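Encoded as structure tokens, the structure appears first; notes follow it.
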Amino acid sequence: MINVAVCGIGRAGSEVVKEIRASDQLKLTAAFCRVNSEKAGKDVGSILKTGRTGVIATEVTHADRVLSEKPVNVFLDFSNPKAMKPLITACQKHGVPGVVCTTGFTDDEIKWMTKLADNQKIGIVYAPNVTLGINVLLALLKTVTHVLPSFDYQVTEIHHNKKTDRPSSTAKRIAETIRDGLDGKKPPEIPINSVRAGGYVGVHEVLVAGDNERISLTHETFARKAFAQGALRAAKFVIGKKGWYRMEDVIDIDAIIREDSIIRK
Numbered sequence: 001m002i003n004v005a006v007c008g009i010g011r012a013g014s015e016v017v018k019e020i021r022a023s024d025q026l027k028l029t030a031a032f033c034r035v036n037s038e039k040a041g042k043d044v045g046s047i048l049k050t051g052r053t054g055v056i057a058t059e060v061t062h063a064d065r066v067l068s069e070k071p072v073n074v075f076l077d078f079s080n081p082k083a084m085k086p087l088i089t090a091c092q093k094h095g096v097p098g099v100v101c102t103t104g105f106t107d108d109e110i111k112w113m114t115k116l117a118d119n120q121k122i123g124i125v126y127a128p129n130v131t132l133g134i135n136v137l138l139a140l141l142k143t144v145t146h147v148l149p150s151f152d153y154q155v156t157e158i159h160h161n162k163k164t165d166r167p168s169s170t171a172k173r174i175a176e177t178i179r180d181g182l183d184g185k186k187p188p189e190i191p192i193n194s195v196r197a198g199g200y201v202g203v204h205e206v207l208v209a210g211d212n213e214r215i216s217l218t219h220e221t222f223a224r225k226a227f228a229q230g231a232l233r234a235a236k237f238v239i240g241k242k243g244w245y246r247m248e249d250v251i252d253i254d255a256i257i258r259e260d261s262i263i264r265k
């Protein structure tokens, strides 16, 4: 049984908890919320209106104490940048690896997490978008940019009207992948258009345009359950590991393709 701690019991974090409770391989052992949250001190099941779980939501500043009292194999973070340092500091102290799905970090905050992981202090999968489909899109872009280096590239992302950071971390990752694929053959900046409207869960579109033709690659998340499924796959991957990883490492599409080619032969 894998004991899981979840930080952030919002829309995405709630879906993660539901998936954990439905699994026969995973067990929710701890749950953290932001400081002064109205959820603190409440049973997670009562927060989600799914029946008692026996797990009480605790302010993230008390993560060190909780981890010293409860067995936790991996953490999943769907909170906010302010909760990141106390959570990861406590997890590093107790040797608990995890998956960071929070967005909106500054460059310095990313560097701080990366340094911890690179110094083999903790295993972290940094996954601002853990959906499997978006990571297939990133893999496709590596091929597209290699074959079509002279084309123009533009990214558009659409999210719900309560999302504060723009552009999204996923859009930044897409632009970074395009730049890496073009390898200096195009201007260093890839335009990103950000739209905040209604209840969109998440849409990311890449326009690839030449003088006489275009390609449009689009990924849309219909339900936050997609985040939960990807996060739990990443959680199983990072257990027992140290270092800095991305979802590309979790899925390892190149290995899947190689294996499939061998099977077909």
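Residues in the sequence shown are numbered from 1 upward in steps of one, following this note's numbering.
All residues carry an ideal CB built from backbone N, CA and C; glycine is no exception.
Computed from a predicted structure; not experimentally measured.
Would you tell me roughly how many angstroms separate the C-alpha atoms of residue i and residue j, rounded to the nearest one?
i: Lys-115; j: Ile-47; result: 35 Å
i: Lys-225; j: Val-16; result: 7 Å
i: Lys-185; j: Ala-83; result: 39 Å
i: Asn-3; j: His-159; result: 32 Å
i: Cys-101; j: Lys-142; result: 23 Å
i: Glu-69; j: Ala-63; result: 10 Å
i: Asn-36; j: Asn-193; result: 35 Å
i: Arg-11; j: Asp-211; result: 42 Å
i: Arg-179; j: Val-206; result: 13 Å
i: Ala-57; j: Val-44; result: 6 Å
i: Trp-244; j: Gly-54; result: 33 Å
i: Leu-26; j: Cys-7; result: 16 Å
Take the Cβ of residue i as the centre, count every other Cβ of all protein chains shown within 10 Å, and call the residue buried at 16 or more, exposed below.
i: Met-247; result: buried
i: Ser-150; result: exposed
i: Ala-223; result: exposed
i: Ile-251; result: buried
i: Arg-65; result: exposed
i: Arg-264; result: With a pLDDT of only 45 at Arg-264, under the threshold of 50, the placement of this residue in the model should not be trusted, and no figure is reported.
i: Glu-259; result: Below a pLDDT of 50, predicted positions are generally treated as unreliable, and Glu-259, at 49, falls in that range; no measurement from the model is reported.
i: Met-1; result: exposed
i: Glu-157; result: buried
i: Asn-119; result: exposed
i: Gly-41; result: exposed
i: Asp-107; result: exposed
i: Ser-14; result: buried
i: Val-125; result: buried
i: Ala-197; result: exposed
Output the boundary residues of the beta strand (DSSP E) element that contains residue i.
i: Glu-287; result: Not covered by the structure: residue 287. The range shown for the chain is 1 to 265.
i: Asp-152; result: 152–159
i: Arg-11; result: Segment 11–22 is the alpha helix (DSSP H) holding Arg-11; no beta strand (DSSP E) there.
i: Asn-3; result: 2–7
i: Phe-27; result: In the sequence as presented, Phe is not what sits at residue 27; that position holds Lys. Taken as a continuous stretch (DSSP letters only), the beta strand (DSSP E) holding Lys-27 covers 26–33.
i: Val-99; result: 98–100
Among the residues of its own chain, which have a CB less than 8 Å from the CB of residue i, if the five just before and after it don't count?
i: Val-208; result: Val-144, Leu-148, Phe-151, Asp-152, Tyr-153, Arg-214, Ile-215, Ser-216, Leu-217
i: Ser-169; result: Thr-103, Gly-104, Phe-105, Pro-128, Asn-129
i: Thr-50; result: Lys-18, Arg-21
i: Thr-29; result: Asn-3, Val-4, Ala-5, Val-55, Lys-70, Pro-71, Val-72
With a CB to CB cut of under 6 Å and the five nearest residues on each side skipped, what residues in its chain are close to residue i?
i: Lys-18; result: none
i: Phe-105; result: Pro-81
i: Lys-121; result: Gln-92
i: Pro-71; result: Asn-3
i: Val-203; result: Ile-158, Glu-220
i: Thr-281; result: The structure shown has nothing for residue 281, since the chain only spans 1 to 265.
i: Asp-183; result: none
Near residue i, which residues of its chain fall below 7 Å by C-beta distance, leaving aside the five closest residues on each side in sequence?
i: Ser-199; result: Checking the sequence shown, residue 199 turns out to be Gly, not Ser. Cβ within range, chain order: His-160.
i: Val-74; result: Ile-2, Val-4, Val-96, Pro-97, Gly-98, Ala-235, Val-238, Ile-239
i: Gly-133; result: His-219
Along the chain, where does the alpha helix (DSSP H) containing residue i start, and where does it finish?
i: Val-250; result: 247–251
i: Val-44; result: 44–48
inquiry  = Quick check for students: name the residue ranges of the alpha helix (DSSP H) that lie wholly in the region 105–150, counting only runs of 4 or more.
reply    = The alpha helix (DSSP H) runs of length 4 or more contained entirely in the region 105–150 are, from start to end of the chain, 107–118, 132–147.
key: Whole beta strand (DSSP E) elements within the region 55–91, 3-residue minimum   = 57–59, 74–77
Unbroken stretches of the beta strand (DSSP E), 3 residues or longer, contained in the region 178–244 = As summarised for the region 178–244, the continuous beta strand (DSSP E) elements at least 3 residues long and confined to that stretch are 192–196, 202–209, 214–221, given in chain order.
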